[in-house]
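Right, one structure below, let's go through it.
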Amino acid sequence: MPQDPVSRRAAVRSHWAAISALASLLFAVTPQPAIAIDAIVLEVGEVEHGAIKALDAVARLDLPSDTHPQVAISVATLVLPEPIGRLRTVKLRCRRPIIAEPRFACRDGRIAARGGPTGAFAARVQGEFRSDTGAAFLRGAGLKIASATLDWRAHLRAGNWSIEGNARGAHLIALRQFASRWYALPSNLTVDGALSASFTARGGAALQHAEVTTRLGDINFTNDEGTLVGEALAGELTARYQPGATGAAVHLRLTGSGGQTLIGPVLLNLQTNPLDLRVDGILADKVLRISQLDLSQRDLLTAHGTGSVALSGDVPLTTAHLTIEQLQFPAAYTSFLQIGLAATDFGDLTTSGTLSGSATIVDNAPQALSLKLTDVDLIDRRDRVRMNDLLGTIEWRDSALGEVPESALSWASGGAYGLSGGAAQIQFRAFANNISLTRPARLPVFDGAVAIDSFALGNIGSDKLAIDFEAEIEPISMPLICAAFGWPRFAGTLSGRIPALTFRDNELRVTGDVEAAVFDGQVVASNLRLQDPFGRWPRLFADVRARDLDLAAVTNTFAFGSITGKLEADVLRLELFAWSPVAFDARLETPSGDRSNKRISAKAVGNLSNIGGGGGGVVAALQSGFLRFFDDFGYRKLGIKCQLRDAVCLMSGIEPARSGGYYIVKGRGIPRIDIIGNAGRVDWPRLVSQISAGMAAENVEVR
524 MPQDPVSRRA
534 AVRSHWAAIS
544 ALASLLFAVT
554 PQPAIAIDAI
564 VLEVGEVEHG
574 AIKALDAVAR
584 LDLPSDTHPQ
594 VAISVATLVL
604 PEPIGRLRTV
614 KLRCRRPIIA
624 EPRFACRDGR
634 IAARGGPTGA
644 FAARVQGEFR
654 SDTGAAFLRG
664 AGLKIASATL
674 DWRAHLRAGN
684 WSIEGNARGA
694 HLIALRQFAS
704 RWYALPSNLT
714 VDGALSASFT
724 ARGGAALQHA
734 EVTTRLGDIN
744 FTNDEGTLVG
754 EALAGELTAR
764 YQPGATGAAV
774 HLRLTGSGGQ
784 TLIGPVLLNL
794 QTNPLDLRVD
804 GILADKVLRI
814 SQLDLSQRDL
824 LTAHGTGSVA
834 LSGDVPLTTA
844 HLTIEQLQFP
854 AAYTSFLQIG
864 LAATDFGDLT
874 TSGTLSGSAT
884 IVDNAPQALS
894 LKLTDVDLID
904 RRDRVRMNDL
914 LGTIEWRDSA
924 LGEVPESALS
934 WASGGAYGLS
944 GGAAQIQFRA
954 FANNISLTRP
964 ARLPVFDGAV
974 AIDSFALGNI
984 GSDKLAIDFE
994 AEIEPISMPL
1004 ICAAFGWPRF
1014 AGTLSGRIPA
1024 LTFRDNELRV
1034 TGDVEAAVFD
1044 GQVVASNLRL
1054 QDPFGRWPRL
1064 FADVRARDLD
1074 LAAVTNTFAF
1084 GSITGKLEAD
1094 VLRLELFAWS
1104 PVAFDARLET
1114 PSGDRSNKRI
1124 SAKAVGNLSN
1134 IGGGGGGVVA
1144 ALQSGFLRFF
1154 DDFGYRKLGI
1164 KCQLRDAVCL
1174 MSGIEPARSG
1184 GYYIVKGRGI
1194 PRIDIIGNAG
1204 RVDWPRLVSQ
1214 ISAGMAAENV
1224 EVR
């Protein structure tokens, strides 16, 4: 008897309709050996169940006499819910089917299709279905999604289902391209690295539980600006989702065990300071309410918090309260501060100590910050700034409308730019971008101090920065200041008053006079203005007047040559550009009525002569004749004037000389020596170099 296939074609639109039809037909013919059938073919034009539709489906059972039966199912078009979508040329082949009503199973299957998110896919499958209970399971392996290989197991029993699986060998470059149709990363962000994942989910009519764990290895990313960077990152992310009557319980845990990441000015070294972040909350109405947040990084940070994240808008809005149990230095400095301070004198500090406190965030904006400092040391490696045993509290609020608690800091010792001082404390209030002292403060400097009456900073971080400052300088020994700044050593003290100092519109202005006592005299600066003080090209304006200076102290300090007597000086309409003089009207001369002993050394005579343009003749006279037997000379009066404009100094002296030129020194006594200048216009850079050379030269040889 010839063996003919049995064919059927139908349109089926009921649950399990196609499966039941095929199973019934197979069951009817399989156990009857008297009928010689080598294949059974079932053709279904359309199968539809909910959002699933199959078109032009063909199921074929091959019954060879010499080997195991085989089942092949093909579907021309299979429409599934998104994100899978439409599949074409779906083929399922089972080499060893089990057909034993009510049990139908496949132990060795292959499935392949074109279309869907991956463009094409193929996998090994095993499955079982019971027509009496509707129970089923499906196991798959080797499914390629982008660069990942997916294995999974799914079960269906009594209306409940579960699925679990894992993905391995995934690469971020391929996954990014695969996911771009649903979510695109910023085009200026480059990512690379490998990951693997495992997942589980279960439910019935609705999802009851889902969990995904992703393991990250050698993750690297960067944006074009270099403000977002990750290098060799390693870690693990677990997300758990469990719907409930009042919302879905959400658990997140992120661990980082290797690599470094830069986020703006924050640099985290996960190799040195491993990360462990845990978040528990409830997700309802597109709002995640966080009941517990725990954050820790070894030797860096321990913190806890609560909050909420509104996910309905274009930008998630976060409200949170964070308790900082401990923030440890030096890791806190290198992680959170050093990059932001890199361009300042605080960019290379050795630090120690701890911080604790709390922070409040409302709608993505900080609202309050409270910090407690314990035994904090801040020491610049190049000895520019130093603060030891810093203690106290810092209270900051986003607005002055409510109560702003007072902050207080104290330290055992400190220093800056060579200046050093002892213990001090300050009280202040900080709100928004403003800071102001709440009471006067005294900052020790060597054997004196700066007594601050008032100090306030406003609009910090903006181009509208404002400063108000008023203080008094208690006497500080000048030898200590000179040593700190590397100046020539001279005696005396620095003291004086700094009146109302203000900074507005990028200009520092002093209302009133700045006074200092130096060289046993008084120096007063008035009309003091400094434009662009923090820029590359600051410009200073001032009028400076000095009275009753001791010339011996001045000249001995600067190695100009010894001169005794008194000196008064005016430097009016002074203008400095980038800290170099570009204009002034200067006058230095003996004050009228000076009755002190006035003597001038041979070296000073030579240097003054060089300034006035008559140096060669004077030095020759000092080195010949009877003048060579004198080390110094008496004088009645000395003085010199310079009007600087356009890098040229218009020179004059105390009075015109009869023979032409001008007197710089009018001598007195025997031997008498007069210094007459004849240079009317002098190149300013050349004049500066002449003065510097004269101060560095050896004493003039007069014997």
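Per the numbering used here, residue 524 is the first one in the sequence shown, and the count goes up by one each step. By construction, the Cβ of each residue, glycine as well, lies at the ideal position given by its N, Cα and C atoms. A quick note: this is a predicted structure, and the numbers were derived from the prediction, not measured.
Could you please give me the residues that DSSP links to residue i through a beta bridge?
i	result
residue 1093	1068 and 1110
residue 1158	1190
residue 862	Per DSSP, none; premise fails for residue 862.
residue 943	938
residue 778	759 and 799
residue 1280	Since the first residue shown for the chain is 524 and the last is 1226, residue 1280 is missing from the structure and cannot be characterised.
residue 915	896 and 932
residue 880	847 and 894
residue 840	833
Which term fits residue i, buried or exposed, when burial requires 16 or more other beta carbons within 10 angstroms of its beta carbon?
i	result
residue 920	buried
residue 873	exposed
residue 769	exposed
residue 1208	exposed
residue 644	buried
residue 1012	exposed
residue 620	buried
residue 594	buried
residue 1227	Only positions 524 to 1226 of the chain appear in this structure, which leaves residue 1227 out of reach.
residue 897	exposed
residue 786	exposed
residue 1182	exposed
residue 623	exposed
residue 1113	buried
residue 1133	buried
residue 842	buried
residue 926	exposed
residue 696	exposed
In terms of residues, what are the limits of the alpha helix (DSSP H) holding residue i?
i	result
residue 857	Neither: residue 857 is in no alpha helix (DSSP H) and is coded neither H nor E.
residue 699	695-702
residue 1007	1001-1008
If you draw a straight line from the C-alpha of residue i to the C-alpha of residue j, how long is it?
i	j	result
residue 745	residue 759	20 Å
residue 1166	residue 1210	13 Å
residue 717	residue 741	6 Å
residue 1065	residue 1213	25 Å
residue 1169	residue 913	50 Å
residue 960	residue 975	9 Å
residue 832	residue 809	9 Å
residue 1023	residue 1060	24 Å
residue 880	residue 729	44 Å
residue 932	residue 922	21 Å
residue 704	residue 698	11 Å
residue 710	residue 747	9 Å
residue 1015	residue 1042	6 Å
residue 566	residue 602	18 Å
residue 1040	residue 1021	13 Å
residue 994	residue 951	16 Å
residue 865	residue 857	10 Å
residue 835	residue 861	36 Å
residue 1017	residue 826	48 Å
residue 1198	residue 979	52 Å
Residue range of the beta strand (DSSP E) that residue i falls in?
i	result
residue 1079	Not the beta strand (DSSP E): residue 1079 falls in the alpha helix (DSSP H), residues 1074-1081.
residue 1177	From DSSP, residue 1177 is part of no beta strand (DSSP E); its letter is neither H nor E.
residue 820	810-820
residue 654	Segment: none, residue 654 is in no beta strand (DSSP E) and carries neither H nor E.
residue 1206	1204-1206
residue 737	730-746
residue 1287	In the structure as shown, the chain starts at 524 and stops at 1226, and residue 1287 therefore has no counterpart that could be examined.
residue 1043	No beta strand (DSSP E) holds residue 1043; DSSP gives it neither H nor E.
residue 612	609-617
Counting only C-beta atoms, is residue i closer than 8 Å to chain D at any point?
i	result
residue 1127	Absence of chain D from the displayed structure is noted, only one protein chain being present.
Would you check if the segment 624-632 and the segment 641-660 touch, i.e. whether three or more CB-CB distances between them fall below 8 Å? They touch, by the three-pair rule.
Determine contact between the segment 1156-1166 and the segment 1179-1194, defined as no fewer than three beta-carbon pairs at a distance below 8 Å. By the criterion of at least three beta-carbon pairs nearer than 8 Å, the segment 1156-1166 is in contact with the segment 1179-1194.
Is it the case that the segment 604-614 contacts the segment 582-590, given that we only count it when at least three CB pairs across the two stretches are under 8 Å? Too few Cβ pairs lie closer than 8 Å, so no.
contact_flag[the segment 1050-1059, the segment 1071-1085] where n(CB pairs < 8 Å) is 3 or more: No: the two stretches stay apart, fewer than three of their Cβ pairs being nearer than 8 Å.
Should the segment 1002-1011 be called in touch with the segment 1026-1046, which here means at least 3 C-beta pairs below 8 Å? Three or more Cβ pairs closer than 8 Å define a contact, and the segment 1002-1011 falls short of that threshold against the segment 1026-1046.
Are three or more beta carbon pairs between the segment 848-862 and the segment 801-818 nearer than 8 Å? In the pairwise beta carbon analysis, the segment 848-862 is classified as not touching the segment 801-818: fewer than three pairs are separated by under 8 Å.
Does the contact criterion of 3 or more C-beta pairs under 8 Å hold for the segment 819-835 versus the segment 783-797? The answer is yes - the segment 783-797 touches the segment 819-835, with three or more Cβ pairs under 8 Å.
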